[in-house]
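This report refers to the structure that appears directly beneath it.
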Amino acid sequence: MRALTWHGKKDVRVDTVEDPEIVNPRDAIIKVTSTAICGSDLHLYDGVIPGMRPGDILGHEFMGEVVDVGKGNTKLKKGDRVVVPFVIACGKCFFCEKQQYSACDNSNPANKADISELAYGYRMAGLFGYSHMTGGYVGGQAEYVRVPFADVGPIVIPDGMDDDEVLFLSDILPTGWMAAENCEIQEGDTVAVWGCGPVGLFAIQSALIMGAAQVIAIDHYPHRLELARKLGAKVVNYKNTHVYQALLEMTGGIGPDAVIDAVGMESHGFALDNVYDYAKQMVMLESDRPHVLREAVYACRKGGRVSVPGVYGGFVDKFPVGAFMQKGLTLRTGQTHVQKYLPMLLEMIREKKIDTTFLISHRLPLEEGPEGYRKFAFEQNETTKVVLKPGWEKSNG
Amino acid sequence: MFRRILLLRGAAHRAFLVRWQVSWNNPERARFGAHVARTPIRERFMHHRYHDHGNGRALAAGVLGIAAGAVFLMAARTMMRDKHIIPPEDAPRQAWRRRAGGRWREDAVVGRTITVNAPREEVYARWRDFSTFPNFMENVVSVTPLDQTRSRWVVEGPAGTTVEFETRITEDRPNELIAWESDEDSDVRNSGRVTFRDAPGGRGTQIEAVIAYDPPGGGVGRMAAKLFQKEPGVQVRRELRRFKQLMETGEIATAAGSAWPRA
Chain A
18 MRALTWHGKK DVRVDTVEDP EIVNPRDAII KVTSTAICGS DLHLYDGVIP
68 GMRPGDILGH EFMGEVVDVG KGNTKLKKGD RVVVPFVIAC GKCFFCEKQQ
118 YSACDNSNPA NKADISELAY GYRMAGLFGY SHMTGGYVGG QAEYVRVPFA
168 DVGPIVIPDG MDDDEVLFLS DILPTGWMAA ENCEIQEGDT VAVWGCGPVG
218 LFAIQSALIM GAAQVIAIDH YPHRLELARK LGAKVVNYKN THVYQALLEM
268 TGGIGPDAVI DAVGMESHGF ALDNVYDYAK QMVMLESDRP HVLREAVYAC
318 RKGGRVSVPG VYGGFVDKFP VGAFMQKGLT LRTGQTHVQK YLPMLLEMIR
368 EKKIDTTFLI SHRLPLEEGP EGYRKFAFEQ NETTKVVLKP GWEKSNG
Chain B
51 MFRRILLLRG AAHRAFLVRW QVSWNNPERA RFGAHVARTP IRERFMHHRY
101 HDHGNGRALA AGVLGIAAGA VFLMAARTMM RDKHIIPPED APRQAWRRRA
151 GGRWREDAVV GRTITVNAPR EEVYARWRDF STFPNFMENV VSVTPLDQTR
201 SRWVVEGPAG TTVEFETRIT EDRPNELIAW ESDEDSDVRN SGRVTFRDAP
251 GGRGTQIEAV IAYDPPGGGV GRMAAKLFQK EPGVQVRREL RRFKQLMETG
301 EIATAAGSAW PRA
C-alpha cells in the first residue's frame with residue numbers, strides 16, 4: 018500500500034510499504050477514506066518531537082471503512098464506516114474506567130513505555146503515528162491502518178453523513194471541546210484563546226456553546242482571525258496590538274476568566290522572550306518555546322483558569338510561577354480523552370449545532386501529502402486544514 | 051570495595067592535576083593565547099575555516115571537564131552524606147538509595163509494584179502457573195516444573211545469551227505471596243518474592259515483585275546488562291506491564307504487524 022512516511026526534519030514522502038494485518042484479537046483494519054494533517058504533525062515535521070525514526074508512517078486523524086476485524090472484536094463488523102480517535106485506549110484499566118483515555122495504562126507496548134516513563138514519570142498511552150515515545154504505532158495517512166483495541170476507540174458513523182462533517186471527531190474537535198471544558202465556563206465569562214488554528218477555532222466554537230459571554234481570539238494571520246470572527250469571537254492581532262493591554266481593556270480591567278493556549282511548543286513572533294527561547298532551543302538548552310503560555314498566565318485574571326490543549330514535549334524556561342501562584346490560577350491540560358466526547362459531539366454535528374466543514378481549505382490525494390505538509394507549514398494564512406484522500410487519483414478539491 | 055573506589059578516585063584526581071599543570075605551563079599555550087588576543091574575531095574565524103584542527107583538542111577538554119566535574123560531585127556527595135543514624139523508613143527496599151545504611155549493597159535488589167484491575171484470587175492463580183510465563187513474558191524462554199516446589203528456568207541474558215537456574219519455592223501463601231530461591235550453582239543466583247495485596251478503593255490487586263540477584267561482573271556487569279536491556283530490573287518492569295495488559299485487556303499491546311517500509 019501507499020503511505021506518507023517521515024524521513025527527517027521537513028522531509029516527508031509517500032512510499033510503498035507492506036499492508037498491515039490483524040495481530041491481536043481486538044484489532045481492526047481500516048481502509049482509510051479521509052485523513053487530515055494535524056497542527057501537531059507539524060511539530061513532527063519541524064523535528065521537535067523526540068523518538069521519531071525514518072520511515073515512520075504519520076497521521077492520527079483518520080476515518081474509513083472496516084475491512085477486517087480480529088476474532089475478539091464483537092463491536093465492529095466489515096463495512097462499518099468509522100472515525101478513529103488518535104488516542105489508543107484499552108478501555109479496561111483504572112484510567113480508562115475513569116474515562117481518562119489518554120492516560121491509558123496498557124496501550125503503550127511494554128518495551129516502548131520506558132521512554133515516556135523516564136521522561137514524564139509514568140508511561141503514556143499509545144497514539145497513532147506520533148513517535149516511538151507513544152508506542153511507535155503506524156499512522157493513518159495511508160491506504161490502510163491497523164487499529165488496536167478497535168472495540169473501544171472507533172465510533173460508527175450513521176449513513177448520510179459526509180467524511181468532511183465527521184473526520185475531525187478523531188482529534189481536533191474533541192480537543193477544542195475539552196480545552197473549553199477545562200475552562201469551567203460560567204455565566205459572564207470571557208475566554209481568551211491564543212492560536213486560531215483548527216483546535217483554537219473549535220475551542221472558540223465550544224466556549225460559545227458552553228455559554229461564554231465573550232471569546233477573544235488572538236493570532237496574526239488575517240484569514241484565520243476572519244474565521245474566528247465568523248464563529249462569533251472578537252479578534253486581536255498581536256502584530257498590531259499589545260495582547261495583555263487589549264485583554265485588560267476588553268474585560269473592564271478584570272482580565273479574562275479563562276485563557277486557552279492553543280499554540281503549544283512552537284510559538285511564533287518576535288516577542289523578547291520568544292527570541293530568547295529560539296536561541297536556547299537552537300543550542301538545545303530548552304526544548305519548547307512557551308511564549309504563549311507565559312503571556313496567557315500573565316494575562317489571566319486572579320483566580321482564573323488556564324487551559325492548555327497546545328502540545329508541549331519537554332522543558333521550558335522562565336515559567337511565571339510567581340504570577341501563577343500569587344493569582345491562584347488553575348492549570349488544566351492533557352492529551353484529549355477523545356473516546357469520552359465522541360457520542361455527544363457526533364450528535365451535535367448531526368443536529369447542526371457544530372459545523373466542522375468550514376475549516377477545510379485543501380483536499381488532496383494522498384500522493385500529494387508532502388505538498389500538503391509544505392502548505393500547512395509555510396502558507397498558514399490560507400491553509401487552515403488539509404485533508405488527504407487515499408482513494409483519489411488526482412486533486413479535485 | 052569502597053576503599054578500592056576511593057583509591058581509584060584519588061589516582062584519577064592526581065592524573066588530572068598533573069595533566070592540567072603540564073598544559074598550563076606549556077609555552078606553546080602562552081603564545082597561542084597572545085595570538086588569539088591579537089587577532090580580530092573575523093580573522094580568527096577564517097583561520098579555523100581553512101585549517102582543520104579536528105575535534106581532538108575540544109573533545110579532550112570536554113572529557114577532562116566532565117571528569118573533573120564528576121570527581122568534584124562525588125567528593126561533595128561523600129562529604130555531605132548524613133552521619134547520623136538512618137531514620138525510620140517505610141519505603142520498600144527496591145526504592146532505597148544505593149548506599150542507604152552507609153555501605154554498598156552486596157547484591158542487587160530490583161523490584162516493581164503494579165496495580166492490576168482484577169480480583170486478587172484471579173491474579174494469584176494466573177501468576178502461580180509459572181509454566182505459562184513464556185507465553186507472555188518476552189524474556190522468559192521456558193519454565194519447566196520439576197516437582198511441586200522446584201522448577202527449571204531459562205531466561206534471556208545480555209547479547210543473545212541465556213541464563214539457566216533451578217528454583218525452589220520457599221514460601222507459598224495462596225492469594226498472598228510466593229517466594230523462591232535459586233540453587234547455589236545457578237548461572238545467576240537469585241531469590242525473590244511476589245506479594246499480592248488488595249489495592250485500596252476497589253482498584254484491583256497490587257502485585258509487588260522483588261528480586262535479589264548476584265550480578266555477574268558486579269556493578270559493571272549490571273550496567274552492561276542494562277545497556278542490553280536484559281537486566282532483571284528492566285525485565286521485571288516490562289514483564290509486569292505485559293502481565294497487566296494480558297489480565298486487563300486479554301491481549302498484549304504491540305505496534306508490530308503494522309506496515310513497515312524497512313521489511
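Protein chains in written order, with the numbering used here: chain A, 18 to 414; chain B, 51 to 313.
Each residue gets a CB set at the ideal place from its N, CA and C atoms; glycine is no exception.
On a predicted model such as this, the values are computed, not experimentally measured, just so you know.
Please report the Cβ distance between residue i and residue j, rounded to the nearest whole angstrom; I am assuming they are in contact, meaning their Cβ atoms lie under 8 Å.
| i | j | result |
| --- | --- | --- |
| A/VAL65 | A/GLY330 | 7 Å |
| B/GLU221 | B/ALA209 | About 34 Å separates the two Cβ atoms, so there is no contact after all. |
| A/THR347 | A/VAL323 | 7 Å |
| A/VAL169 | A/GLU384 | Not quite, the Cβ-Cβ distance comes to about 32 Å (not below 8 Å), so this is no contact. |
So with CB distances below 7 Å, who are the chain A contacts of residue i?
| i | result |
| --- | --- |
| B/ARG253 | PHE111 |
| B/THR163 | Per Cβ cutoff of 7 Å: no residues; B/THR163 is ~13 Å from chain A at best. |
| B/GLN256 | Per Cβ cutoff of 7 Å: no residues; B/GLN256 is ~12 Å from chain A at best. |
| B/ARG288 | ALA127 and ASN128 |
| B/ASN189 | Under the 7 Å cutoff, chain A gives no residues; its nearest Cβ is about 10 Å from B/ASN189. |
At 7 Å on the CB atoms, spell out the chain B contacts of residue i, in chain order.
| i | result |
| --- | --- |
| A/PRO165 | ALA303 |
| A/PRO42 | GLY300 and GLU301 |
| A/ALA130 | ARG291 |
| A/GLY143 | ALA303 |
Would residue i and residue j be called neighbours here (beta carbons separated by less than 8 Å)?
| i | j | result |
| --- | --- | --- |
| A/CYS317 | A/PRO273 | yes |
| A/GLY72 | A/GLU82 | no |
| B/SER9 | B/GLU226 | Limits of chain B in this structure are 51 at one end and 313 at the other, which puts residue 9 of chain B out of reach. |
| A/THR353 | A/MET195 | yes |
| A/ILE221 | A/ALA263 | no |
| A/LYS369 | A/TYR118 | no |
| B/ILE164 | B/ARG288 | no |
| A/ILE54 | A/GLY156 | no |
| A/ASN123 | B/ALA303 | yes |
| A/GLY89 | A/ASN125 | no |
| A/ILE172 | A/LEU359 | yes |
| A/ASP206 | A/ALA230 | yes |
| A/ALA20 | A/ALA167 | no |
Measuring only the C-alpha atoms, how far is residue i from residue j?
| i | j | result |
| --- | --- | --- |
| B/VAL286 | A/HIS259 | 55 Å |
| A/GLY68 | A/LEU61 | 10 Å |
| A/VAL100 | A/ILE226 | 23 Å |
| B/LEU277 | B/GLY283 | 12 Å |
| B/GLY106 | B/ALA274 | 27 Å |
| A/ALA417 | A/ALA130 | Because chain A is modelled from 18 through 414, residue 417 of chain A falls outside the range shown and cannot be assessed. |
| A/GLY320 | A/HIS285 | 28 Å |
| A/LEU248 | A/VAL208 | 14 Å |
| A/PHE103 | B/ASP235 | 51 Å |
| A/ARG391 | A/ARG380 | 14 Å |
| A/LEU405 | A/ASN41 | 28 Å |
| A/VAL86 | A/GLU38 | 10 Å |
| B/TRP154 | A/GLN116 | Any reading at B/TRP154 must be qualified, since the residue scores a pLDDT of 42, below 50, and its modelled position is unreliable; the value itself is stated next. If I take the Cα positions, the gap works out to 45 Å. |
| A/VAL338 | A/PRO387 | 40 Å |
| A/GLU270 | A/GLU204 | The question names Glu, but residue 270 of chain A is Gly in the sequence shown. Taking the straight line from one Cα to the other gives about 18 Å. |
| B/ALA249 | B/GLN256 | 5 Å |
| B/LYS294 | B/THR182 | 15 Å |
| A/GLU243 | A/VAL276 | 20 Å |
| A/ASP28 | A/ASP36 | 22 Å |
Would you verify that the beta carbon of residue i is, or is not, closer than 8 Å to some beta carbon of chain C?
| i | result |
| --- | --- |
| A/PRO126 | Any reference to chain C falls outside this structure, whose protein chains are A and B. |
Can you tell me whether residue i sits near the ligand HEM, meaning its C-beta is under 7 Å from at least one heavy atom of the ligand?
| i | result |
| --- | --- |
| A/VAL325 | Among the components modelled here there is no ligand, and therefore nothing to report on the ligand HEM. |
Helix or strand or just coil, what does DSSP make of residue i?
| i | result |
| --- | --- |
| A/GLY321 | coil |
| B/SER192 | strand |
| B/GLU139 | coil |
| B/PHE278 | coil |
| A/PRO215 | helix |
| A/ASP131 | helix |
| A/LYS297 | helix |
| A/HIS308 | helix |
| A/PHE375 | helix |
| A/TRP409 | coil |
| B/GLN256 | strand |
| B/TYR174 | helix |
| A/PRO382 | strand |
| B/SER201 | strand |
| A/TYR358 | helix |
Which residues in chain B have a C-beta closer than 9 Å to the C-beta of residue i? List them in chain order.
| i | result |
| --- | --- |
| A/VAL232 | What A/VAL232 touches in chain B: nothing, since even the nearest Cβ is about 39 Å away. |
Find the residues of chain A that neighbour residue i, judging by a C-beta separation of less than 8 Å, and give them in chain order.
| i | result |
| --- | --- |
| B/GLN295 | CYS107, ASN123 and ALA127 |
Residue i versus chain A: which residues are under 9 Å apart at the beta carbon?
| i | result |
| --- | --- |
| B/ASN185 | Residues of chain A passing the Cβ test: none, with the nearest at roughly 14 Å. |
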